[in-house]
Amino acid sequence: MKVPEAVPATVPDAQGSGLNPMQQAVVDTLGKSPDWVPLPTSVVDAVRTMLHDQLAVVADRFSRNNALWVSKNKLTTIHGCQAHHMATKDNFAWTPLTARGTVLHKAVELGVHWRGESTPVEVVDEAIARLSDSSNSVADFLISMTPGDAAQLRGYAVDLYTRFEECFPKLKPSWRPVTESSARYELFDGAIVLGTRSDLTLGTADQKVIIDVKSGGLHTSHREDLRFYALVEALRSGMAPRRLATYSLAAARADVEDVSEGVLQAAVRRVVAGVQLIVAIELDKREPTRSPAAHCRWCPLNDSCAEGIAFLSRDEIDD
Ligand code: SF4
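This is the structure in structure tokens:
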């Protein structure tokens, strides 16, 4: 197998490459070691069988016309706090805060192909203009946002894009960078659908690196998110990705995991457990449990939930 141009196996040192230390660290982190070998397709087949077998008992609760969509966010909330999951499952709203990641990803996409010099403000403004004129669900918000929201969003996105440029080497088209890359895997004739949208992928399908870019710090749950992405990509393509990386722009640091059979099996177990919980709570109306943690800070129930109030008051004292 050829060494991918996308993520060099060996890289020059920072002084010779023209990369700053943060950019050099990204190249080092994502690079492929010479002895890397892809997971055999038999591993992907075994994981596929495991997932199908373990979901078979709940599959008839859904149909192609009444499908269960399983996303990263759904798994995070159902495994985080079941009451929070129920309170937010149909309640997504675009705001400058929730739209900034979408604008960043569009700006990154434009930056890859931008000819000549550009400033972050130019690229971000172009990204907002193009998203406003697209079929993306954020378009309505961008068109109708107040001048205050527009200024806030621009500020957030310029900050993120500036830090992205500082931290990442210039992404070459030959590295096959794709932003907001969607992947989907359907089970049981479309009754259950696993869907992902990766912030950034690099490399060809047989050795893909999936990258989640975070504005804040790193958290253990981020690794679970990327394992789900790896599972969907492996099931969709029949080829396991090579590496997963959550990159914190705040810390200029990546949490990295190579994709193994164990990683894919762990993702299957989390999906199965999440689907079983969704069936129990959403369909069978089992009383959702409450699990206070950091997510209480942005939970819509946090002014009425006793557990959340107690956690947040303790959290403030701890802070
Ligand atoms: S406030 Fe916290 S414990 Fe209460 S429902 Fe929300 S996330 Fe759960």
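Numbering (the working numbering), first residue to last: 1132 to 1450.
Just so you know, even glycine gets a beta-carbon here, dropped at the ideal spot from N, CA and C.
7 Å Cβ cutoff, residue i in contact with chain E
{"i": "Y1378", "result": "Of the chains in the structure shown, none is chain E; there is only one protein chain."}
Selected residue, minimal CA-CA separation from residue i, among the options
{"i": "G1347", "options": "V1234, T1327, R1373 and T1377", "result": "T1377"}
{"i": "A1230", "options": "V1174, H1183, V1201 and L1291", "result": "L1291"}
{"i": "D1221", "options": "V1239, H1210, W1200 and T1327", "result": "W1200"}
{"i": "T1327", "options": "S1312, L1318, C1436 and I1209", "result": "S1312"}
{"i": "I1209", "options": "W1429, D1415, A1404 and P1431", "result": "A1404"}
{"i": "A1381", "options": "K1345, Q1154 and T1310", "result": "K1345"}
{"i": "T1250", "options": "F1359, F1295 and S1265", "result": "F1295"}
{"i": "V1387", "options": "V1402, T1335, R1358 and L1318", "result": "R1358"}
{"i": "L1325", "options": "A1198, L1408 and G1211", "result": "A1198"}
{"i": "R1367", "options": "L1331, D1415, Y1316 and K1416", "result": "Y1316"}
Enclosing beta strand (DSSP E) for residue i [first to last residue]
{"i": "D1389", "result": "R1384 to D1389"}
{"i": "S1379", "result": "R1374 to S1379"}
{"i": "R1315", "result": "V1309 to L1318"}
{"i": "V1324", "result": "I1323 to L1333"}
{"i": "K1205", "result": "First-last for K1205: K1203 to G1211, but that is the alpha helix (DSSP H), not the beta strand (DSSP E)."}
Own chain, CB closer than 6 Å to residue i, minus 5 neighbours either side, in chain order
{"i": "P1308", "result": "V1243, L1302 and L1333"}
{"i": "E1364", "result": "A1314 and P1372"}
{"i": "D1356", "result": "K1203"}
{"i": "L1443", "result": "C1427"}
{"i": "P1139", "result": "Unreliable placement is indicated for P1139, whose pLDDT of 44 sits below 50; the coordinate value is still reported in the next sentence. Excluding sequence neighbours, P1139 sits near G1162."}
Start and end residues, alpha helix (DSSP H) containing residue i
{"i": "D1356", "result": "T1351 to S1368"}
{"i": "I1274", "result": "A1270 to S1275"}
{"i": "I1409", "result": "E1392 to I1409"}
{"i": "C1436", "result": "Here C1436 belongs to no alpha helix (DSSP H), and DSSP marks it neither H nor E."}
{"i": "H1244", "result": "P1227 to H1244"}
{"i": "A1260", "result": "P1251 to S1263"}
{"i": "R1455", "result": "Nothing can be reported for residue 1455: it is not among the residues displayed for the chain, which extend from 1132 to 1450."}
{"i": "P1152", "result": "P1152 to L1161"}
Beta-carbon contacts of residue i that lie in its chain and below 7 Å, excluding the five residues immediately before and after
{"i": "K1133", "result": "In this prediction, K1133 has a pLDDT of 38, which is less than 50 and means its spatial position is unreliable; what the coordinates show is noted afterwards. None."}
{"i": "Q1146", "result": "Note on Q1146: pLDDT 48, under 50, position unreliable in the model; the coordinate value appears next. Answer for Q1146: no residue qualifies."}
{"i": "A1361", "result": "I1341, A1371, P1372, L1375, V1390, V1394, L1395 and A1398"}
{"i": "P1227", "result": "D1280, Q1283, L1284 and Y1287"}
{"i": "E1438", "result": "R1421 and P1423"}
{"i": "S1352", "result": "T1207"}
{"i": "V1410", "result": "V1189 and R1192"}
{"i": "V1255", "result": "V1234, A1238, R1285, A1288, V1289 and Y1292"}
{"i": "I1412", "result": "Q1213, M1217 and P1419"}
{"i": "D1320", "result": "R1195"}
{"i": "F1272", "result": "W1225 and A1230"}
{"i": "M1186", "result": "With the sequence shown as reference, residue 1186 is identified as Leu, and Met is not the correct amino acid for it. Result list for L1186: L1318, I1323, V1403 and V1406, in chain order."}
Cβ neighbours of residue i in the same chain (closer than 8 Å, five flanking residues each side left out)
{"i": "N1267", "result": "T1233"}
{"i": "D1434", "result": "I1440"}
{"i": "T1172", "result": "G1369 and M1370"}
{"i": "V1157", "result": "C1298, F1299, P1300, Y1378 and A1385"}
Residues that residue i bridges to, as DSSP identifies them
{"i": "S1194", "result": "N1197"}
{"i": "D1343", "result": "T1377"}
Using 8 Å as the cut-off, can you tell me whether the region 1277 to 1284 makes contact with the region 1236 to 1254, which would need three or more C-beta pairs spanning the two stretches below that distance?
The region 1277 to 1284 vs the region 1236 to 1254: no contact.
Stretch pair the region 1393 to 1402 + the region 1189 to 1196: three plus CB contacts closer than 8 Å
no
With contact counted as at least three CB pairs below 8 Å, one residue from each stretch, are the region 1247 to 1261 and the region 1204 to 1217 in contact? Under the three-pair Cβ rule at 8 Å, the region 1247 to 1261 does not count as touching the region 1204 to 1217.
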